[in-house]
Amino acid sequence: MSVNKKSKGLVLAAAPSAPNWPHTCITNPAKHFEWAPILLSDLHGVFVDWETKFQSFCASHGVHFEIEGRTFYDIGRDPSQSITPDQFAELFTEFVRLPEGYGALEPNPVVIHQMEAIVKAGIKLVIATYTPGATDLRPDGTMGFHHGIAQRVTKELIIKHLGHLIREQDIIFCSPSAKKHLMFEMHCPLIVEDHPVTAVDVATSAHAAILVPRSYNASIINVTNVLRLEDDNQLADAVLSFFEGILDAGKLAKA
140 MSVNKKSKGL VLAAAPSAPN WPHTCITNPA KHFEWAPILL SDLHGVFVDW
190 ETKFQSFCAS HGVHFEIEGR TFYDIGRDPS QSITPDQFAE LFTEFVRLPE
240 GYGALEPNPV VIHQMEAIVK AGIKLVIATY TPGATDLRPD GTMGFHHGIA
290 QRVTKELIIK HLGHLIREQD IIFCSPSAKK HLMFEMHCPL IVEDHPVTAV
340 DVATSAHAAI LVPRSYNASI INVTNVLRLE DDNQLADAVL SFFEGILDAG
390 KLAKA
């Protein structure tokens with residue numbers, strides 16, 4: 140399992156060092172247990188930028204918020220932003236129903252390039268993302284979205300940009316809290332996230348998480364089993380060194 144540090148003009152930079160990475164709970168699991176060479180990843184905030192289009196959509200309705208330097212993941216409850224929780228719930232519900240909303244999000248080319256190196260090294264990619272379905276409740280919990288266009292266009296978006304890395308059956312729509320259970324079922328040791336709560340939730344279940352660096356997860360430091368990157372181009376090195384540690388411990392199953 141190896142990767143060239145330069146490819147197609149983009150640098151695969153060295154990841155930040157962290158003590159006990161991968162943690163001994165990963166390299167020394169229960170007897171007769173083996174981890175699968177599977178990487179789980181979130182979609183929004185990792186592979187695609189959803190905030191920029193949502194910001195423009197909100198602005199067209201006279202509601203504004205800032206992306207850069209935002210402190211909290213929950214936009215509607217960030218006290219530094221002028222958008223209210225009610226406005227967020229209403230506008231988000233409308234935004235994800237539009238084909239030019241969730242279906243037209245811009246990909247992150249750096250992360251895609253990093254994932255190409257990871258998949259080439261023999262790690263299977265599975266995407267697990269919250270994307271509202273027809274029966275899911277709105278952010279304010281009052282009613283459903285009523286149709287599943289967001290999931291349909293999201294799957295089309297993934298296949299368009301990531302079809303060379305992932306099979307359609309490896310796209311999973313689920314709640315953030317369900318991800319740790321998916322990882323347990325798949326013997327998947329590692330997830331890539333932007334959501335600080337999900338990363339910590341996974342870590343408390345003795346699995347590991349890598350956080351891509353976003354302003355709203357900057358407070359997550361020195362959390363056992365969570366490695367926060369300094370730049371997106373460190374992702375491949377962080378993932379591959381993690382799986383190499385499991386391989387060296389004799390706890391990685393064959394693909």
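Residue numbers (the working numbering): 140 to 394.
From the three backbone atoms N, C-alpha and C, an ideal C-beta is built for every residue, glycine too.
None of these values were measured; they are calculated from a predicted model.
Note down the Cα distance separating residue i from residue j, rounded to an integer number of angstroms.
{"i": "I349", "j": "F312", "result": "20 Å"}
{"i": "G242", "j": "S180", "result": "19 Å"}
{"i": "L296", "j": "F172", "result": "36 Å"}
{"i": "K390", "j": "S221", "result": "49 Å"}
{"i": "A231", "j": "N167", "result": "Sequence check: residue 231 is Phe here, not Ala. Approximately 43 Å between the Cα atoms of the pair."}
{"i": "I359", "j": "R367", "result": "7 Å"}
{"i": "L304", "j": "A377", "result": "18 Å"}
{"i": "T293", "j": "C164", "result": "34 Å"}
{"i": "G302", "j": "E255", "result": "11 Å"}
{"i": "D213", "j": "T343", "result": "21 Å"}
{"i": "G201", "j": "Q226", "result": "10 Å"}
{"i": "P158", "j": "I288", "result": "44 Å"}
{"i": "A345", "j": "T210", "result": "27 Å"}
If you run the structure through DSSP and keep just helix, strand and coil, what is residue i?
{"i": "L107", "result": "The shown model of the chain, from 140 to 394, leaves out residue 107, and the question about it has no answer."}
{"i": "S344", "result": "coil"}
{"i": "A267", "result": "strand"}
{"i": "E173", "result": "coil"}
{"i": "E207", "result": "coil"}
{"i": "F312", "result": "strand"}
{"i": "S199", "result": "helix"}
{"i": "H183", "result": "strand"}
{"i": "E255", "result": "helix"}
{"i": "I385", "result": "helix"}
{"i": "V362", "result": "coil"}
{"i": "E245", "result": "strand"}
{"i": "V331", "result": "strand"}
{"i": "R216", "result": "helix"}
{"i": "L178", "result": "strand"}
Classify residue i as buried or exposed, calling it buried when 16 or more other Cβ atoms lie within 10 Å of its own Cβ.
{"i": "A153", "result": "exposed"}
{"i": "H203", "result": "exposed"}
{"i": "F284", "result": "With a pLDDT of 49 at F284, under the threshold of 50, the predicted position of this residue should be treated as unreliable, though the coordinate-derived value follows. It counts as buried."}
{"i": "F323", "result": "exposed"}
{"i": "T223", "result": "exposed"}
{"i": "T270", "result": "buried"}
{"i": "T268", "result": "buried"}
Are the beta-carbon atoms of residue i and residue j separated by less than 8 Å?
{"i": "A347", "j": "F381", "result": "yes"}
{"i": "D371", "j": "Q290", "result": "no"}
{"i": "V339", "j": "P315", "result": "no"}
{"i": "E245", "j": "T191", "result": "yes"}
{"i": "A175", "j": "H320", "result": "no"}
{"i": "I262", "j": "L178", "result": "yes"}
{"i": "Q373", "j": "P238", "result": "no"}
{"i": "D333", "j": "V362", "result": "no"}
{"i": "G240", "j": "A228", "result": "no"}
{"i": "P328", "j": "I257", "result": "no"}
{"i": "L247", "j": "F196", "result": "It is Asn, not Leu, that sits at residue 247 in the sequence shown. Going by C-beta atoms, N247 is not nearer than 8 Å to F196."}
{"i": "L151", "j": "A375", "result": "yes"}
My understanding is that residue i touches residue j, with C-beta atoms under 8 Å, so please give their C-beta distance in whole angstroms.
{"i": "S354", "j": "G208", "result": "5 Å"}
{"i": "I251", "j": "H300", "result": "7 Å"}
Any beta carbon of chain C sitting closer than 8 Å to that of residue i?
{"i": "H346", "result": "No chain C appears in this structure, which consists of one protein chain only."}
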